[in-house]
Amino acid sequence: MRRGTTLLELTIALVIAGIALAMAVPAIRALRDRLSADGASALVVSAHARARMIAAVEGRVVLLSLWADSIVVAVVESPADTVSRWRGPGPASHQASMTGLPRQIVFGTNGIPLGFANATYVASRGGARRQVVVSRYGRVRVF
Numbered sequence: 079m080r081r082g083t084t085l086l087e088l089t090i091a092l093v094i095a096g097i098a099l100a101m102a103v104p105a106i107r108a109l110r111d112r113l114s115a116d117g118a119s120a121l122v123v124s125a126h127a128r129a130r131m132i133a134a135v136e137g138r139v140v141l142l143s144l145w146a147d148s149i150v151v152a153v154v155e156s157p158a159d160t161v162s163r164w165r166g167p168g169p170a171s172h173q174a175s176m177t178g179l180p181r182q183i184v185f186g187t188n189g190i191p192l193g194f195a196n197a198t199y200v201a202s203r204g205g206a207r208r209q210v211v212v213s214r215y216g217r218v219r220v221f
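For the sequence shown, the numbering used here begins at 79 and goes up steadily by one.
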């Protein structure tokens with residue numbers, strides 16, 4: 079009865095494992111890029127929804143500020159004073175780049191954006207892209 083393995087058997091096993099790993103790395107990298115772009119676009123979508131809900135429920139003017147490193151939802155108390163209601167990480171926290179930033183959007187007391195609120199944001203990392211389109215009425219779609 080023989081115990082253990084020979085050097086040739088170990089080498090063959092390592093070569094097979096290396097080939098399998100080399101085939102899996104591009105798929106894992108593409109998955110990582112896709113998840114990163116999805117996460118960055120989800121941050122922008124949820125920030126729009128949060129600002130819109132605060133404006134509609136409280137009947138106040140809300141300012142949504144989008145930067146690459148942070149997202150801030152602030153309630154306008156008076157023309158010269160805003161109170162930060164929520165602050166979160168921006169798309170850069172997902173290691174994704176996003177076009178269309180920085181941007182500030184003002185939501186009216188009914189939850190509908192004021193002024194020119196339509197925008198297109200594109201989150202990308204590697205070969206993955208997610209496009210977030212905001213209509214002038216505040217409807218958000220992700221492509």
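In this text, a Cβ means the ideal position worked out from N, Cα and C, and glycines have one as well.
Excluding sequence positions up to five before and after residue 204, its CB lies within less than 6 angstroms of the CB of 111, all in the same chain and listed in chain order. Our two residues, residue 185 and residue 161, have alpha carbons roughly 14 angstroms apart in a direct line. Within a 10 Å sphere around the beta-carbon of residue 90 sit fewer than 16 other beta-carbons, which makes this residue exposed. About 18 angstroms separates the CB atoms of residue 170 and residue 197; that is not less than 8 angstroms, and the two are not in contact.
Bounds of the beta strand (DSSP E) holding residue 208 are 206-212. Under the three-state reduction of DSSP output, residue 132 falls in the helix class.
Close CB contacts of residue 180 within its chain, under the 8 angstroms cut and outside five residues either way in sequence, are with 143, 144, 145, 146 (chain order). By the neighbour-count criterion, in which 16 or more other beta carbons inside 10 Å mark a residue as buried, residue 215 falls on the exposed side.
Residue 159 has 156 as its beta-bridge partners, per DSSP.
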